[in-house]
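According to our numbering, the sequence shown holds residues 28 to 195 in order. This report refers to the structure that appears directly beneath it.
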Amino acid sequence: MQHLKYLSAYPAALQDKVRRLIAEQQLGAYLADKYPQRHTVQTDRALYEYVADLKREFLRSGPAIDKVIYDSKLDVLRHALGLHTTISRVQGGKLKAKKEIRIASLFKEGAPEFLQMIVVHELAHLKENDHNKAFYRLCEFMQPGYHQTEFDLRLYLTHRELVREQSA
């Protein structure tokens, strides 16, 4: 039985359906049919604007974001897809906090829904630190269908890993 590390928290019956798709070599086709588009947000500057637009639309009262970048190391470090950080620095006797969002650079090639899901997730952390009910309600508010998109993103990561293993 194939271990599905990105789907380990899901029910066994759902994992079995995914295993069948993999065995029938249909997972890639399923994802391509459901997510045929690729986004055009390719630079750090465009990503910053994209994040700022979503923040303006849904979190006007949230803290300012100082930096948003694609990070090529995120895929490897901590198995994170996105990361939000607060960096504190002393400037002249005052403590300044800067908010940063880093998105794994593998999402430069993905569907717009996947990029939006990662950004929404990181923006939600500006209001809710923990992955609690309020956090997921906020994610669902900013991106209706958030949970399904998160599941499909996990399918995408599974497929991506399988393709890499087969080509190695």
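Using N, Cα and C, we set each Cβ at its ideal position, and we do this for glycine too.
Kindly identify the DSSP beta-bridge partner or partners of residue i.
{"i": "V190", "result": "In DSSP, V190 forms no bridge with anything."}
{"i": "V117", "result": "L122"}
By a C-beta neighbour count over all protein chains shown, 10 Å radius and 16 as the cutoff for buried, is residue i buried or exposed?
{"i": "V190", "result": "exposed"}
{"i": "V147", "result": "buried"}
{"i": "G137", "result": "buried"}
{"i": "F134", "result": "buried"}
{"i": "F141", "result": "buried"}
{"i": "L104", "result": "Confidence at L104 is low in this model, with a pLDDT of 45, below 50, so the placement of that residue should be treated as unreliable; the coordinate-derived value is given next. Counting Cβ neighbours within 10 Å, L104 comes out exposed, since fewer than 16 surround it."}
{"i": "L41", "result": "exposed"}
Give me the residue from the options with the minimum Cα distance to residue i.
{"i": "L74", "options": "Y57, K160, I92, L31", "result": "I92"}
{"i": "P139", "options": "Q170, K125, L110, N156", "result": "Q170"}
{"i": "Y97", "options": "V68, A50, R187, K123", "result": "V68"}
{"i": "D60", "options": "A195, D179, E188, S194", "result": "D179"}
{"i": "L111", "options": "L150, Q193, A50", "result": "Here residue 111 turns out to be His, not Leu, going by the sequence shown. Checking every option, the nearest Cα to that of H111 belongs to L150."}
Would residue i and residue j qualify as a contact pair, given that the criterion is a beta-carbon distance under 8 Å?
{"i": "R129", "j": "L34", "result": "no"}
{"i": "L47", "j": "Q29", "result": "Here residue 47 is Arg; the residue named in the question, Leu, does not match the sequence. Going by C-beta atoms, R47 is not nearer than 8 Å to Q29."}
{"i": "M144", "j": "T185", "result": "no"}
{"i": "L81", "j": "K154", "result": "no"}
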